[in-house]
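Notes follow the structure.
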Amino acid sequence: MNIEQAKEIVISAINTALEGKAEITEDMQLIGGESLLDSMKLVEVCLALEDLADEHGFEFDWTSESAMSKSRSMFRSVAALAEEFANQSEV
Amino acid sequence: MDIIEKLSERWSGIDYPFLIHANGSLKFDEVAKQQHVDLAEVKSGDVVALIGDFNPQSILSLLQLIDKNVILVPLTVDTRAQHEYFFESALVDVVIEGSDVKRIHHSQKHVLIDELKAKEHAGLVLFSTGTTGRPKAILHDLTLFMQRFETPRPTLKTINFLLFDHIGGLNTLLHTLFNKGTVVAPKSRSVEDILATCAEHEIEVLPTTPTFLRMILMSGLIPEGVPKSLRIITYGTERMDQPTLDALCELLPNVEFRQTFGMSELGIVRVKSESSNSLFMKVGGEGVETRVVDNVLEIRSQTRMLGYLNAESPFDDEGWYNTKDIVEERDKYYKVTGRTSEVINVGGLKFMASEVERVALQYERVELAKAEAKPNPITGQHVELTVQSACNSEVDKVGLKMFLAAQLPNHMMPKRIRVASVGVGHRFKRI
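The listed protein sequences derive, respectively, from chains C and Y.
All residue numbers for the first sequence refer to the working numbering, where the first residue is 700 and numbers rise by one.
All residue numbers for the second sequence refer to the working numbering, where the first residue is -6 and numbers rise by one.
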């Protein structure tokens, strides 16, 4: 999966969590800043990404210990999460 | 007991506010001038549910109610879906929300409430999760609880990040009032707002949960966003993980990290972290004893609750309380490594899986329901729900989700719902 496809998927997952109430840009922060997601909504997004990864034939890992150590960077922005999603699809 | 008069004396001539909130600040002498809620209807010994938050009106009503020797049940709007259950379990006589005072008529009695009334003591009812079933109504002797504030103690400028219906939140508010400190109520609980509030008001102590600290780490806003004034960050109510604590200590070497440990059943327990980067802690304080039985921490405390209003006493014959926390012991310091029961903890808010299942089972065509905690790096845990439909019928997943959202607080909402055979999972496990 390329990064553009991953961005599209991540943005659609966030859109669903926010019920389409806001416009999502790829540099939008996921935590803090102008983020519209609270911690519970971010969990929803990650679970949706798990399901979407499944549909694309790979496993999206965001809960294991190794994922946790990456979590500081991967939840920084929409683009960062998309990059991690794309990377995991290539493994 | 006349708290407002006593506090007025302590605050006389002091010009700084005791409370800074989103819409301004409040000095203690302004409290008396506040529009009082008409409490003429409320009698000593009444069980009074106060639905509020850390706003001036709720604080004033809270102090007046303690003065009236009522049995106080502090609640927030977040748990509104459970309020009817809370009113019933705590035998609530009066409900106050804003300036609205409403009496509920019932003929229920409880021996512990009658004992408090006979002593003319104020009471405090808090709700907590139990080992089985629905939240338990914990009754404390508030008159005894208030005695801790008689001895003056130093205060540090604090954010009140805790909730109005938690023992820790109330303790912070009362400690600040009695010791002439300042407590700041943040605009929201977002990482950005909390850090901005810390900087703006030169906050010294920030009480948090591990979930909040994980969010702060992921936000990338530290260390730059943390003001120099911040000396102590406390964390509690859910289990902290070592990688998060290590990362925090590395980024904020001048901040002391302290673990807190409390159970509404035991009152306030003093805790001392072995060091900033250690999850080992010493549990103690005056009148508090600890022991470990089969790796589980037990505590005996003189400030413990009187009992539950809707369940059996959890204390053994000698007064020991089983915390259900599995601990590792090292030189009288304990580290919590797990729980013996099925409590789910989402961002520090605890509840039983059965609470979610009970609501799911009320939805049409749901025959079996199983709610499970799943770990995640954001809120620690979240709930996933599996429901099994009655024979030859289908469960409307969207409808079920809406039904659950109307009945459950946000943190208890299952983040994933599956329609499948609930029994198979169990059998599969056993095989």
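A virtual CB, placed ideally from N, CA and C, is assigned to each residue, including glycine.
Q: Assign Arg224/Y to one of three DSSP states: helix, strand, or coil.
A: coil
Q) By the criterion of Cβ-Cβ separation under 7 angstroms, what are the contact partners of Val742/C in chain Y? A) Asn369, Ile371, Thr372, His375, Lys408
Q | Residue span of the alpha helix (DSSP H) that contains Lys390/Y, given as start and end | A | 390 to 400
Q: For my contact list, Lys367/Y and His375/Y are in at a C-beta cut-off of 8 angstroms; report their separation, rounded to the angstrom.
A: 6 angstroms
Q. Among Val339/Y, Asn315/Y, Glu34/Y, which has the Cα closest to the Cα of Thr333/Y?
A. Asn315/Y
**Q.** Ile410/Y, DSSP secondary structure in three states
**A.** strand
Q.
Under DSSP, the beta strand (DSSP E) around His168/Y begins and ends at which residues?
A. Annotation: His168/Y is outside any beta strand (DSSP E); the continuous alpha helix (DSSP H) that includes it extends over 160 to 171.
Q) Can a CB atom of chain C be found closer than 8 angstroms to the CB of Met(-6)/Y? A) Any answer about Met(-6)/Y is weak, because its pLDDT of 48 lies below 50 and its placement is not dependable; what the coordinates show is given next. No, because no Cβ of chain C sits closer than 8 angstroms to the Cβ of Met(-6)/Y.
Q. Going by other Cβ atoms of all chains shown within 10 Å of its Cβ, with 16 needed for buried, is Leu117/Y buried or exposed?
A. It is buried - the Cβ of Leu117/Y has at least 16 other Cβ atoms within 10 Å.
Q. What is the rounded straight-line gap between the Cα of Ile730/C and the Cα of Ile52/Y?
A. Each residue's Cα considered, the two are about 31 angstroms apart.
Q.
With H, G and I counted as helix, E and B as strand and the rest as coil, what does DSSP make of Tyr356/Y?
A. coil
Q. If the cut is a Cβ gap below 9 angstroms, which residues of chain Y does Ala766/C touch?
A. Pro370
Q: Starting from Pro203/Y, trace the alpha helix (DSSP H) both ways and give me its first and last residue.
A: 203 to 212
Q: Answer with yes or no whether the minimum CB distance from Thr330/Y to chain C is below 8 angstroms.
A: no
(Q) Please report whether the beta-carbon of Thr724/C lies at a distance below 8 angstroms from any beta-carbon of chain Y. (A) Chain Y has no Cβ within less than 8 angstroms of the Cβ of Thr724/C.
Q. CA-CA distance, Gly255/Y and Ile225/Y?
A. Those two C-alpha atoms are separated by around 18 angstroms.
Q. Taking 8 angstroms as the CB-CB limit, is Met727/C close to chain Y?
A. no
Q) Does DSSP classify Ala130/Y as helix, strand or coil? A) strand
Q. Comparing the C-beta of Phe774/C with each C-beta of chain Y, is any distance below 8 angstroms?
A. yes
(Q) Contact between the region 193 to 207 of chain Y and the region 144 to 152 of chain Y is defined here as three or more beta-carbon pairs at a separation below 8 angstroms; is this criterion met? (A) Cβ pair count under 8 angstroms is three or more, so yes.
Q: Give every residue of the same chain whose Cβ lies closer than 6 angstroms to the Cβ of Met739/C, excluding the five residues on either side of it in the sequence, and list them in chain order.
A: Within the same chain, no residue comes within 6 angstroms of Met739/C by CB-CB distance, once the 5 residues on both sides are set aside.
Q. Ends of the beta strand (DSSP E) at Val118/Y?
A. 116 to 121
Q. Among the residues of its own chain, which have a CB less than 7 angstroms from the CB of Leu170/Y, if the five just before and after it don't count?
A. Leu0, Phe11
Q) Using the beta-carbon of each residue, which ones in chain C are nearer than 7 angstroms to Leu214/Y? A) Gly731
Q: Buried or exposed for Ala398/Y, please, with buried defined as at least 16 other CB atoms from any protein chain shown within 10 angstroms of its CB.
A: exposed
Q.
If we define contact as Cβ-Cβ less than 8 angstroms, is Leu735/C a contact residue for chain Y?
A. With 8 angstroms as the cut-off, Leu735/C does not count as an interface residue toward chain Y.
Q: To the nearest angstrom, report how far apart Glu750/C and Trp4/Y are at their CA atoms.
A: The sequence given here has Asp at residue 750/C, not Glu. Approximately 58 angstroms, taken between the alpha carbons.
Q: Determine, using beta carbons only, whether Leu272/Y comes closer than 8 angstroms to chain A.
A: Given the protein chain composition of this structure (C and Y), no chain A is represented.
Q: On a CA-only basis, which of Ile131/Y, Ser37/Y, Lys61/Y, Leu58/Y is nearest Phe79/Y? Give me that one, please.
A: Taking only the C-alpha atoms, the option nearest Phe79/Y is Ile131/Y.
Q) For chain C, is any of its Cβ atoms less than 8 angstroms away from the one on Asn403/Y? A) yes
Q: May I ask you to list, following chain order, the residues of the region 202 to 213 of chain Y that have a beta carbon less than 7 angstroms from some beta carbon of chain C?
A: Thr204, Met208, Leu210, Met211, Ser212, Gly213
(Q) Measuring straight from C-alpha to C-alpha, what distance separates Leu259/Y and Pro179/Y? (A) 28 angstroms
**Q.** Ile89/Y - containing beta strand (DSSP E), residue span
**A.** 87 to 90
Q) So does the region 264 to 272 of chain Y actually touch the region 282 to 298 of chain Y, counting three or more Cβ pairs closer than 8 angstroms? A) no
Q) Is Leu746/C close to chain Y, meaning its C-beta is less than 8 angstroms from at least one C-beta of that chain? A) yes
Q | In chain order, each beta strand (DSSP E) run of at least 3 residues that lies wholly inside the region 47 to 96 of chain Y | A | 64 to 68, 87 to 90, 93 to 96
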